Amino acid sequence: MKLKSFLFFLVFFVILTFSCTSKKENTNLKRIHAITQEIQKKYIPDRRTSRFDAEVIDEAGQLVVKGITTNEPALAEFREKLAATGIPYTDSVLVLPTTDLKDKTGVITNSVANIRIVKGDASEMASQALMGTPLKMLQKTGNWYMVQTPDSYIGWIYGSEFSLMNASEFDQWLQKPKLIFTDTYGKSYNNISKEGVVSDLVAGDILAILNESNDFYQIAYPDGRMGYVLKSQSKPYMNWLNDMKTTQETLVETSKQLLGVPYLWGGTSTKSVDCSGFTKTVYFLNGLVIPRDASQQVNEGKLIDDQKDFSKLQPGDLLFFGRISPEGKEKVVHVGMWIGNNEFIHASGNVHISSMDSLAPDYDEANYKRYLRTKRFLQNQTEGIQYLKNRLLYLK
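Number 343 in the working numbering belongs to position 313 of the sequence shown; there are no gaps in the numbering.
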């Protein structure tokens, strides 16, 4: 009888102890999770351009904080706040770039390279990068690399779409004179007789100039391939940049050259575009680097209108569309560019022109109803708008 009573109290004690321990661990998990959210809110307003991805897990009774970050101040404050709690834990947060990639730069070698939200061919496409674009290397998993583009956009790209260079190799690449492909679409050839194609090319592609003869430039790719490009379809990069006159007229002219280009989610080239990829491409071909997505672009420039007073708009202004929830939260889902005469050009299905005039045959009632505001980027430089003349991405 005494033995049974002893066993009963022993089991009860074990259960009680386990229950108390579990409650304590659960409380600690919640506290760490709350600190994680606090840090993310303070330092990472947009995961597309900066990362602090940390999670706490219980491994055999030991709390382990795992994850990655591109923001060292965020990690420092996170560790400081955790230390103040006195909660014992194992720190496994990885600072990016990883050690093996710190002195490495990737340079795009395809005419257009796909950047995905997560690694994997079946993953949703986030954006694209043009040939010659330098990438900040962050992390490698198999043949996939997490990278950051010059507009700070973070995504995953397959290793065969770029050339990985160490600091010395990248410096040598930057010192070579460059060429920009200016035609909407074209090719490079094995020789000046156009016998054999090296690759396709799109507007904005950057290559190195080796020589010139008659109607051709001899060019080199970041991966060492060589070829010939027609002078009528290209221009020395510095000449292009110095001759650049970014005006309302040039923005409209560039935008109309893309009429009929098909829509592709994540598309950011003259081959295919989504709505913000279209406006980004138009501005890039006029010497400006602007944010990737519509919900990022809307934060830049100068506010021109938010009352549907289209008389205030000028060609080149960006119109933003979206919806506002019953709670008052705004979501920007579309962007187009004003071209005058109550018309705007945008990518939806394909690149086409629509009107805000209810009597016009191309009146866009759906977008009229969800119009939010218009912003002006020309002569209104904000943090997310970069002039290529002030930032030599491709040269040293």
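All residues carry an ideal CB built from backbone N, CA and C; glycine is no exception.
All figures in this text were calculated on a predicted structure; none of them were measured in a lab.
Residue i and residue j closer than 9 Å at C-beta
{"i": "Lys-217", "j": "Leu-194", "result": "no"}
{"i": "Val-362", "j": "Val-328", "result": "yes"}
{"i": "Leu-288", "j": "Asp-304", "result": "no"}
{"i": "Gly-467", "j": "Glu-154", "result": "The structure shown does not extend to residue 467, since the chain is modelled only from 31 to 426, so the question has no answer here."}
{"i": "Gln-169", "j": "Leu-131", "result": "yes"}
{"i": "Lys-261", "j": "Tyr-251", "result": "no"}
{"i": "Phe-314", "j": "Ser-264", "result": "no"}
{"i": "Leu-237", "j": "Met-176", "result": "no"}
{"i": "Phe-108", "j": "Ile-74", "result": "no"}
{"i": "Ser-302", "j": "Ile-184", "result": "no"}
{"i": "Ile-147", "j": "Ala-156", "result": "yes"}
{"i": "Val-121", "j": "Ile-98", "result": "Per the sequence presented here, residue 121 reads as Asp, with Val not at that position. In this structure, Ile-98 does not lie closer than 9 Å to Asp-121 by Cβ."}
{"i": "Phe-285", "j": "Val-381", "result": "Here residue 285 turns out to be Ser, not Phe, going by the sequence shown. Their beta carbons are under 9 Å apart, which means Ser-285 touches Val-381 by this criterion."}
{"i": "Trp-186", "j": "Val-137", "result": "no"}
{"i": "Thr-135", "j": "Ala-197", "result": "yes"}
{"i": "Leu-271", "j": "Leu-418", "result": "yes"}
{"i": "Gly-352", "j": "His-364", "result": "yes"}
{"i": "Thr-412", "j": "Gly-331", "result": "yes"}
{"i": "Asn-58", "j": "Ile-117", "result": "yes"}
{"i": "Tyr-424", "j": "Leu-349", "result": "no"}
Local conformation of residue i per DSSP, three classes
{"i": "Glu-373", "result": "strand"}
{"i": "Leu-402", "result": "strand"}
{"i": "Leu-349", "result": "strand"}
{"i": "Met-274", "result": "coil"}
{"i": "Phe-82", "result": "strand"}
{"i": "Leu-131", "result": "helix"}
{"i": "Val-363", "result": "strand"}
{"i": "Ala-90", "result": "coil"}
{"i": "Gln-411", "result": "coil"}
{"i": "Leu-422", "result": "coil"}
{"i": "Val-232", "result": "strand"}
{"i": "Tyr-393", "result": "strand"}
{"i": "Pro-118", "result": "coil"}
{"i": "Thr-300", "result": "coil"}
{"i": "Gln-344", "result": "coil"}
{"i": "Pro-266", "result": "strand"}
{"i": "Ile-138", "result": "strand"}
{"i": "Ile-354", "result": "strand"}
{"i": "Lys-224", "result": "coil"}
{"i": "Gln-70", "result": "helix"}
{"i": "Ser-243", "result": "strand"}
{"i": "Gln-337", "result": "coil"}
{"i": "Gln-326", "result": "helix"}
Exposure of residue i, with buried meaning 16 or more beta-carbon neighbours within 10 Å
{"i": "Leu-333", "result": "exposed"}
{"i": "Ile-65", "result": "buried"}
{"i": "Gly-346", "result": "buried"}
{"i": "Val-125", "result": "exposed"}
{"i": "Asn-316", "result": "buried"}
{"i": "Asp-235", "result": "buried"}
{"i": "Gln-409", "result": "exposed"}
{"i": "Asp-181", "result": "buried"}
{"i": "Pro-436", "result": "Not covered by the structure: residue 436. The range shown for the chain is 31 to 426."}
{"i": "Gln-92", "result": "exposed"}
{"i": "Pro-103", "result": "exposed"}
{"i": "Lys-275", "result": "exposed"}
{"i": "Leu-422", "result": "exposed"}
{"i": "Asn-420", "result": "exposed"}
{"i": "Leu-389", "result": "exposed"}
{"i": "Ser-141", "result": "buried"}
{"i": "Asn-101", "result": "buried"}
{"i": "Asp-394", "result": "buried"}
{"i": "His-63", "result": "exposed"}
{"i": "Ile-375", "result": "buried"}
Cross-strand partners of residue i (DSSP beta bridge)
{"i": "Ala-238", "result": "Lys-208, Ala-250"}
{"i": "Phe-108", "result": "Answer by DSSP bridge pairing: none, since Phe-108 is not bridged."}
{"i": "Tyr-258", "result": "Tyr-219, Gln-248"}
{"i": "Trp-203", "result": "DSSP output for Trp-203 lists no bridge partner at all."}
{"i": "Tyr-188", "result": "Trp-174"}
{"i": "Pro-292", "result": "Asn-380"}
{"i": "Gly-97", "result": "Ala-84, Val-123"}
{"i": "Gly-331", "result": "Paired residue(s): none; Gly-331 is not in a bridge."}
{"i": "Tyr-432", "result": "Limits of the chain in this structure are 31 at one end and 426 at the other, which puts residue 432 out of reach."}
{"i": "Ile-145", "result": "Ser-157"}
{"i": "Leu-194", "result": "Gly-136"}
{"i": "Pro-103", "result": "Its beta-bridge partners do not exist; DSSP assigns none."}
{"i": "Ser-385", "result": "Glu-373, Tyr-393"}
{"i": "Gln-169", "result": "Met-176"}
For residue j and residue i, believed in contact at Cβ under 8 Å, the rounded distance
{"i": "Val-228", "j": "Asn-220", "result": "6 Å"}
{"i": "Thr-344", "j": "Arg-406", "result": "Thr is not the amino acid found at residue 344; the sequence shown has Gln there. About 7 Å; that satisfies the 8 Å criterion."}
{"i": "Gly-290", "j": "Thr-298", "result": "Actually they do not touch by this definition, with Cβ atoms about 17 Å apart."}
{"i": "Thr-179", "j": "Thr-300", "result": "At roughly 18 Å, the Cβ-Cβ gap does not stay under 8 Å, so Thr-179 and Thr-300 are not in contact."}
{"i": "Gln-326", "j": "Gly-414", "result": "7 Å"}
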